[in-house]
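There are 2 protein chains.
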Amino acid sequence: MPGIMLSNHFQNGIETAKLVWSRLPSSDDVETEEELERRMNGGGGAESLDYEVIENYAYREAQAKRSKLFNWYYAMLKWLIALLIGVGTALAAVFINLAVENFSGWKYAVTFSIIQHSYFLGFVVYAIFNLALVLTSVFTVTQFAPAAAGSGIPEIKGYLNGVDTHGILLFRTLIGKIFGSIGSVGGGLALGKEGPLVHTGACIASLLGQGGSTKYHFSSSWLRPFESDRERRDLVTCGCAAGVAAAFRAPVGGVLFALEEVTSWWRSQLMWRVFFTSAIVAVVVRTAMAWCKSGKCGHFGSGGFIIWDISGGQEDYSFKELLPMAIIGIIGGLFGALFNQLTLYITSWRRNYLHKKGNRVKIIEVLLISLMTSVISFGLPLLRKCSPCPNSEANPDIDCPRPPGTDGNFVNFFCSTDKEYNDLATIFFNTQDDAIRNLFSAKTFHEYSAQSLLTFLVMFYSLAVVTFGTAVPAGQFVPGIMIGSTYGRLVGIFVVKYYMKLNVDEGTYALLGAASFLGGSMRMTVSLCVIMVEITNNLKLLPLIMLVLLISKAVGDFFNEGLYEEQARLRGIPLLESRPKQFMRNMIAQEACKNQQVISFPRIVKVSEILYVLRSNKHNGFPVVGHGRNGEELVIGLMLRSHLLVLLHSKRDFQSSPFPCDPRGVTSRHIWSDFVKPISSKGMTIDDIHLTEDEKEMYLDLAPFLNPCPYVVPEDMSLAKVYNLFRQLGLRHIFVVPRPSRVIGLITRKDLLFEENDNPAAMELQTTSVRAPGPDRRSVGPQEHIDHPLLDSLLIQR
Amino acid sequence: MPGIMLSNHFQNGIETAKLVWSRLPSSDDVETEEELERRMNGGGGAESLDYEVIENYAYREAQAKRSKLFNWYYAMLKWLIALLIGVGTALAAVFINLAVENFSGWKYAVTFSIIQHSYFLGFVVYAIFNLALVLTSVFTVTQFAPAAAGSGIPEIKGYLNGVDTHGILLFRTLIGKIFGSIGSVGGGLALGKEGPLVHTGACIASLLGQGGSTKYHFSSSWLRPFESDRERRDLVTCGCAAGVAAAFRAPVGGVLFALEEVTSWWRSQLMWRVFFTSAIVAVVVRTAMAWCKSGKCGHFGSGGFIIWDISGGQEDYSFKELLPMAIIGIIGGLFGALFNQLTLYITSWRRNYLHKKGNRVKIIEVLLISLMTSVISFGLPLLRKCSPCPNSEANPDIDCPRPPGTDGNFVNFFCSTDKEYNDLATIFFNTQDDAIRNLFSAKTFHEYSAQSLLTFLVMFYSLAVVTFGTAVPAGQFVPGIMIGSTYGRLVGIFVVKYYMKLNVDEGTYALLGAASFLGGSMRMTVSLCVIMVEITNNLKLLPLIMLVLLISKAVGDFFNEGLYEEQARLRGIPLLESRPKQFMRNMIAQEACKNQQVISFPRIVKVSEILYVLRSNKHNGFPVVGHGRNGEELVIGLMLRSHLLVLLHSKRDFQSSPFPCDPRGVTSRHIWSDFVKPISSKGMTIDDIHLTEDEKEMYLDLAPFLNPCPYVVPEDMSLAKVYNLFRQLGLRHIFVVPRPSRVIGLITRKDLLFEENDNPAAMELQTTSVRAPGPDRRSVGPQEHIDHPLLDSLLIQR
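So the protein sequences, as listed, match chains G and R. If you read the first sequence in the UniProt record's numbering, its first letter stands for residue 1, the second for the next number, and so on. If you read the second sequence in the UniProt record's numbering, its first letter stands for residue 1, the second for the next number, and so on.
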């Protein structure tokens, strides 16, 4: 058929531009990219435009073979990258933990030795230490890596939902995140290192997937398979799971976190790979910690990775206890929702007023908060009267007061005698990890007075709210656990008091409180439950944690959205929810694009016209309209702005004649990666294109570069259905088209099942309908006798 | 507009039938059902056909209010049903466990007391006991509930994938499953009760969702919200999770099992509900067990729910041990793949030859297998020489030999002296739960000889393969754990022997072996891992279990598919995988429906013609073709066979004139549930329709009943893309239509985001493109100024 139909319906000029609208400046269309990739890699197909190839069996065979080898390489590479993500994230986590533990260990050791002589001098040293650490953090973030501020989880969530916030996956962000976390956590601010570790994992994954930073010239061509948007998303998902697995030493929790909280599109094959990455993290972290046990890691030995083993605590519970536990759930929901709301207001105020004034204001703000934190954590315990140590004969395990410079309960701080301890200093004047361990600790009845816990709760809650949203890397997990375990232990104190005879342990209530606050703030369910079980290493409390989470999430959902959703909305990351909104059922597709100016291209288009169209609007995708065999107008595909820019920049495809080009040439002129937007740059803009007048008079045949079949919906389809299509398939563009005039066929389940097994017994439950005998459907050979070879008539025009 | 356009393009007769194909006799289209439901519930909309309603604001307001109350009721009902599913499944599990443990406890107690006098008589009693229990099971299944045979997981998986196997969710199936499980497990066959419990949970969920069995007249109208296919699927998913949670006391494992293994479409809102159901199960089961601890449950006390606590075992591992663990993984992959292959052959042979000969053959087969099992489990230990008990001074905890009639290790069976035990009897002549507990038991070095374990492995593996696929309810989890822990312990014996100085425990290796076999056979990853951790109550082995699972699954995948996939294929349940096959990239939509005869209806159609078309083919969906404003042909929707049958059966919509009907009448003549296919019957067929000659001459207006906008794809779209659309959205029918001639608009992410927040600061990262000012997009009022009011022109024709 090629060569026969020198068609008479070419366009020599450019048609009057039609009305098209397409927005999202920084997006790229996965479908189109996959299409292009396939074509560039030589995988011809019925809808491909390499028409000679379709005729040539031998060529297709060769392609199939090459593709098999390529697939094998690709699979190996995927697993290798997953391994490297696991190792890299685990090492980053170990490094952060080592640094933080050593800095704080040293800080507390020095302070404790000074306060033996002078409490004032001790405070000054303590505050200066904190200020210095926090300053390095905020300086790194503001000057070097602005995208490293905050938790990073809303941004990663947005990225996986399809919104590319600039700079979140850069190499400098990774560096800023790691060193910023060390400074801010080591500096004693009311924030954690877990959220930043998730972001760190995502950065590592993304950078590994592109072979390093493009800016620092590490890019590698053997990583080409990962240059599609979908692959990048998969890697980032792996990285998130690795981050959680490393932060909490919770490999299963990591997988579930990635599944429940972060990804928008989940594939079960991916689960397997994510699982592998998490397992690698667990092994590497365990090895590193075993190595540290020998004492080579300074102050790291005792603290560090948060595993708060409460195996010594309460293992059983009675029905009577369900009431106080439900109360903990309700408190968690209320406090969590309040936390979300307060942080939302404060962050919004910061963004609109404070942070517009430049980096200096940001730095001063963080330093002031650091000073405030130092004053509160050092000053409040001074005001507190010390309690006498518990009877050491009744509790032989308890070391009270603990020797200075070690970790543990019963800190002797500003006490008159040696046999006393300061319960407020035990939680306040400590690293957060140790404080949580003390709060969770079992068999330490009446260690804390209700008054101390209440003081701590109010002060720490306020500090956490104020610290949230400053220009340092900040996670909310550990502060959340701190807040929750404080009121949990408070409730526990009352339960111990009133339910005297039961085997009640305050530490268990602290754990439930922690779960409830996280549930009420972050609104995670299964993943949080598993993470709590994994960090406390106690499965027996699982049903209780589930119960508390159910209640706190339900209460929180009554008031507002989850922390990450709120923050994402605040940062202008428009997350597409998994379900359409209710009112969409009453709208049709046409209404959603009612005010659009649709601008479309003809197949062969003058370069100057392309320039004009690209300059005159910000649309990101353009329909391409051609003509069918009988001269009727037909939509032949979708052209992306980014691909047009690549074509304009390379100039290789310009032609002087307004006739279709030979698509064989295209694969020799371009490789697939020409069209890939690098992860760590903004991509080209129209201003980067410089053409001479002669070049502007030339033509460009868009046919080889367009996505020939974007998804379409009829104009009067319910918007809810359109939304489902868009969201479930992760699309970027859908064409709204007129209602079809006829149905060529119906595709049902049976048409998509190509059974290898022709055993008639196996068919007994299948359809009994008569099926016209036809050729083997699995044949991938050319299909020449299709009734309406539309693409042929359209494109085989030589 | 109504009443203006008495159009001139009605059809009075029936157009020449066009070519359409649509199969899947027993399917129903979710989209169409939702559409109908919405219309029947009065929720008008732009694409709805109640055109008067669109004009009437007041009416819509009233509808919106009613709909709010309805939504609240609906949400409450959903959670109530989830609660009931949890309670019901937990009680069913407790009942099965109580019955099984009591029957087997009694059986072993009687046998042990008899063998003190005569081993032959003991064997006879033992065998008769087993035969009697197995007979009740197989009799119940074959005579009363044939769908209760086997594990049920492949069928449930198929149901959730969209294939409705007849009878799997009936009330009689539930009864058959519960009592059949008791008989087959109590009768000592090499099968488990876990798969059947999943099926039981699914049945309970489905029956609760429709308010009980329709056949036994429990149906209730207040459950109407659950009468859509999608709601039923959600409930069944909850039921599956509840089943796993109850079977293994593994609530998180249950959620993950439902997520990873069973469902095909997962929504994160569902996760939350599934999680709740699992938590309820955990609480109920725990309460029941606490109640049983007081000794009210007969023999139940010690055994029953499988929690094999190995907390006393090995907690640490050295790098050296990773090699034998990897070997366990490889063995697991090989044995698992072999198991899948063997069971596939045997089941296929059974289906094709043996089971075709009727129920009597099935009963005899099971009884023979039961006898064989009795002979082996009783006879083989007789041949084994007893070992002397371990030194009771060195191991004060060990009770050797155990007192007759109790559970535990060290069974004295056919031994010459009192201070001996028979290691083969310890695992063979025991309930499987106790046998596994013995195999997992820690600190019992050298309890089993390698020879005994090998004998057991070979015999039990063969028994498990032979038993699989017989006509009794049969799970594969427990046999799998038995097989795996046997070779795991074998490897452990060698490790203990060669790595002498390490703190190695054979029980830990048995656990890893169990994980590896299940991984190699069922190919589950995260869910299996969590289940193993939950049943052994030991989190510290998590990384090792992950490692072993990774290896065994990879090895198994090299040979064949997972057990459930193989069995589903064998049973003719065509599961749609989540990804299209590779060759689909080289096919286009048209090729998939190339040989179809497309049969379409006009909008107004004669009853006799409908009868003729429905009789002449088995298609399940028919396009309806009408005419647009200018007389051009347009596809106006999809009509389902099942809905046509309902209309023909009720006769209420027949009209004598060939003109469009008044759609207001439709909502008064029908309620939504008229169109719902009851879960537990086959639904109507064309043979149930009896019409007089007069009725056959009447007309039917299909417009109010059709799905006005099924998803469409252009004829030359890649089949892989069509597959994604079909699979991701869970569709039943897709129309293949000609390429569109023009693009009315493009829908992008921004068009689907309707922000409540118009804060300009929040927009800073959003699009910078200029957007034409338009009316508030959220308004759901009538949209009269749409450019192409296609539906109006099409349907408002009075």
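The C-beta atom is built at its ideal place from N, Cα and C for all residues, glycine as well.
Q. Residue range of the beta strand (DSSP E) that residue 701/G falls in?
A. 699-701
Q: Tell me, please, whether the CB atom of residue 272/G is closer than 8 Å to any CB atom in chain R?
A: yes
Q.
In whole angstroms, give me the CA-to-CA distance for residue 319/R and residue 286/R.
A. 38 Å
(Q) I'd like to know whether the C-beta of residue 632/R is nearer than 8 Å to at least one C-beta of chain G. (A) yes
Q: Could you name the residues of the region 169-191 of chain R whose beta carbon sits closer than 7 Å to any beta carbon of chain G, in the order they occur along the chain?
A: none
Q) Name the DSSP beta bridge partners of residue 707/R, please? A) 638/R
Q: Step through the CB atoms of chain G and report whether any lies within less than 8 Å of the CB of residue 486/R.
A: no
Q: Please state if the CB of residue 634/G and the CB of residue 718/R are separated by a distance shorter than 8 Å.
A: no
(Q) Looking at chain G, is there any beta carbon in it that lies within less than 8 Å of the beta carbon of residue 97/R? (A) no
Q: Compare the C-beta of residue 324/R against all C-beta atoms of chain G and say whether one is closer than 8 Å.
A: no
**Q.** 6 Å CB neighbourhood of residue 552/G in its chain, flanking five on each side removed
**A.** 329, 332, 333, 516, 519, 520
Q: Step through the CB atoms of chain C and report whether any lies within less than 8 Å of the CB of residue 102/R.
A: Within the model displayed, chain C is absent; protein chains G and R are what it includes.
Q) Beta carbon of residue 181/G, beta carbon of residue 193/G: below 8 Å? A) yes
Q | Counterpart residues of residue 655/R in DSSP-defined beta bridges | A | 699/R
Q | Contacts that residue 821/G makes with chain R (C-beta to C-beta distance below 8 Å) | A | Residue 821/G lies beyond the residue range present for chain G, which begins at 1 and ends at 798; the question has no answer from this structure.
Q: Compare the beta carbon distance of residue 456/R and residue 431/R with 8 Å and say whether it is the shorter of the two.
A: no
**Q.** Contacts of residue 345/R in chain G (Cβ-Cβ under 7 Å)
**A.** Residues of chain G passing the Cβ test: none, with the nearest at roughly 12 Å.
Q. Looking at the structure shown, is residue 499/R part of a helix, part of a strand, or coil, going by DSSP?
A. coil
**Q.** Per-residue burial, residue 368/R [other beta carbons within 10 Å of its own, 16 or more giving buried]
**A.** exposed
Q) The alpha helix (DSSP H) spanning residue 721/G covers which residue range? A) 719-729
Q | Residues of the region 527-547 of chain R whose Cβ lies closer than 7 Å to any Cβ of chain G, in chain order | A | 529, 530, 534, 537, 539, 542, 543, 546, 547
Q. In whole angstroms, what is the alpha-carbon distance linking residue 91/R and residue 197/R?
A. 11 Å
Q.
Cutting at 7 Å between CB atoms, please list the residues of its own chain near residue 237/R, excluding the five before and the five after it.
A. 160, 258, 262, 263, 270, 274
Q. When the cut-off is 8 Å and only beta carbons count, does residue 715/G lie next to chain R?
A. yes
Q: Could you spell out where the alpha helix (DSSP H) holding residue 129/R opens and where it closes?
A: 119-139
Q) Under 7 Å Cβ-Cβ, which residues of chain R neighbour residue 276/G? A) 550
(Q) Can you tell me whether residue 356/G is helix, strand or coil according to DSSP? (A) helix
Q) Is the Cβ of residue 726/R closer than 8 Å to any Cβ of chain G? A) yes
Q. Where do the ends of the beta strand (DSSP E) carrying residue 166/R lie?
A. Taken as a continuous stretch (DSSP letters only), residue 166/R belongs to no beta strand (DSSP E), as it is neither H nor E.
Q: Establish whether the CB of residue 786/R and some CB of chain G are separated by less than 8 Å.
A: Only weak support exists for where residue 786/R lies, its pLDDT of 35 falling under 50; the value from the coordinates is given anyway. True, the Cβ-Cβ gap to chain G drops below 8 Å.
Q: State yes or no: is the beta carbon of residue 751/R nearer than 8 Å to at least one beta carbon in chain G?
A: yes
Q) Is the beta carbon of residue 138/R sitting closer than 8 Å to the one on residue 465/R? A) no
Q) Identify the residues that DSSP records as bridge partners of residue 588/G: which are they? A) 718/G
Q | Presumed contact (8 Å Cβ cut-off) between residue 705/G and residue 643/G, rounded CB distance | A | 6 Å
Q) Over what stretch of residues does the beta strand (DSSP E) that includes residue 737/G continue unbroken? A) 734-737
Q) Are the region 689-698 of chain R and the region 592-611 of chain R in contact at 8 Å, needing three or more beta carbon pairs? A) yes
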